[in-house]
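Trainee:
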Amino acid sequence: MGTILVAYGSKEGQTEKIAGRIAEALAAHGHDARTASVADSDVSEALADADAVLVGSSIHVGAHSKPVYEFVREHRDDIEARPNGFFQVSLSSALDDEDARAEVATYLDEFVEESGWHPERMAAFGGALRYSEYGFLTRMMMKRIAKGATGDTDASRDYEYTDWDEVESFAADFVEFVESTAGTAAGGAAV
Ligand SMILES: Cc1cc2nc3c(=O)[nH]c(=O)nc-3n(C[C@H](O)[C@H](O)[C@H](O)COP(=O)(O)O)c2cc1C
1 MGTILVAYGS KEGQTEKIAG RIAEALAAHG HDARTASVAD SDVSEALADA
51 DAVLVGSSIH VGAHSKPVYE FVREHRDDIE ARPNGFFQVS LSSALDDEDA
101 RAEVATYLDE FVEESGWHPE RMAAFGGALR YSEYGFLTRM MMKRIAKGAT
151 GDTDASRDYE YTDWDEVESF AADFVEFVES TAGTAAGGAA V
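Mapping the sequence shown onto the UniProt record's numbering, position 166 (from 1) lands on 166, and the numbers just tick up by one.
If you want it as structure tokens, here you go:
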């Protein structure tokens with residue numbers, strides 16, 4: 001049993017919600033889990049206190065969250081010193097076609113290349129369309145994108161595409177990974 005930090009960068013709240021669900025699953029597996037936005041003033045302290053770390057980032061206009069990049073660049077050594085993993089949240093992950101799958105893979109590759117961090121575990125989850133959170137122009141743009149993607153263009157409601165079973169199994173896999181590294185010389189964290 002040890003402390004696992006789930007740090008996230010989220011604009012409209014879906015990545016934050018997923019981070020919360022992951023933390024609940026980690027706790028159900030007997031770990032002390034806490035979530036923190038990468039923009040929180042005490043996130044560095046939370047990382048220093050953690051025995052393992054997950055980082056989540058949403059995609060906007062083809063790119064990962066800037067604050068997540070900043071967090072990872074600033075703390076790469078501390079992240080790599082612990083069992084670590086990354087999850088990405090996007091609309092593309094909600095789509096079941098070849099182009100979307102290629103896009104999801106490209107986002108992950110770009111993240112690794114631009115951050116210089118090679119996460120030990122990675123996952124990509126479908127996000128949400130939160131029309132209620134968008135301003136006028138973003139709502140228009142997202143309606144247009146949704147028309148050619150999920151088809152969900154009724155902006156009077158929100159849509160959620162996250163597969164919670166996938167989220168739970170990622171959390172369970174991460175627990176197994178953390179516990180398997182705990183007793184090895186390489187995985188020095190006392191988890
Ligand atoms: C302005 C905007 C741009 C987006 N651009 C992309 C994109 O380029 N590719 C994609 O797959 N999803 C895109 N999305 C979908 C988001 O990744 C999705 O809504 C996700 O749930 C947002 O996570 P968050 O609520 O944690 O910020 C975009 C969403 C918005 C609002």
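Every residue, glycine too, gets a C-beta built ideally from N, C-alpha and C.
Tell me the rounded alpha-carbon separation between Ala-48 and Gly-148.
Mentor: The alpha-carbon atoms of Ala-48 and Gly-148 are separated by roughly 44 Å.
Trainee: Indicate, with yes or no, if ligand 1 has a heavy atom lying under 8 Å from the CB of Tyr-134.
Mentor: True, at least one ligand heavy atom lies under 8 Å from that Cβ.
Trainee: Where Asp-32 and Arg-21 are concerned, what is the direct C-alpha to C-alpha distance, given to the nearest angstrom?
Mentor: Going from the Cα of Asp-32 to the Cα of Arg-21 covers about 14 Å.
Trainee: Using only CA atoms, which one of Phe-87, Asp-99, Met-140 lies nearest to Thr-15?
Mentor: It is Phe-87.
Trainee: Rounded to the nearest angstrom, what separates Ala-185 and Leu-137 at their Cα positions?
Mentor: Any reading at Ala-185 must be qualified, since the residue scores a pLDDT of 44, below 50, and its modelled position is unreliable; no value is offered.
Trainee: To the nearest whole angstrom, what separates the beta carbons of Asp-163 and Phe-125, a pair I think is in contact under 8 Å?
Mentor: Their Cβ separation, rounded to whole angstroms, is 7 Å, which keeps Asp-163 and Phe-125 in contact under 8 Å.
Trainee: What is the rounded straight-line gap between the Cα of Thr-153 and the Cα of Ala-146?
Mentor: Roughly 6 Å between the two C-alpha positions.
Trainee: Please go through the same chain and pick out, in chain order, the residues whose beta-carbon is closer than 7 Å to the beta-carbon of Leu-108, but skip the five residues on each side of it.
Mentor: Closer than 7 Å at the Cβ level, and outside the excluded window around Leu-108, lie Gln-88, Met-122, Ala-124.
Trainee: Got a sec? Which residues, its chain only, sit under 6 Å from Ser-44 by beta carbon, not counting five neighbours each side?
Mentor: No residues qualify anywhere along the chain.
Trainee: For Glu-80, which residues of its own chain have a beta-carbon under 8 Å away from its beta-carbon, when the five flanking residues on both sides are left out?
Mentor: Around Glu-80: Trp-117.
Trainee: Among the residues of its own chain, which have a CB less than 8 Å from the CB of Arg-139, if the five just before and after it don't count?
Mentor: Here the set comprises Tyr-131, Ala-155.
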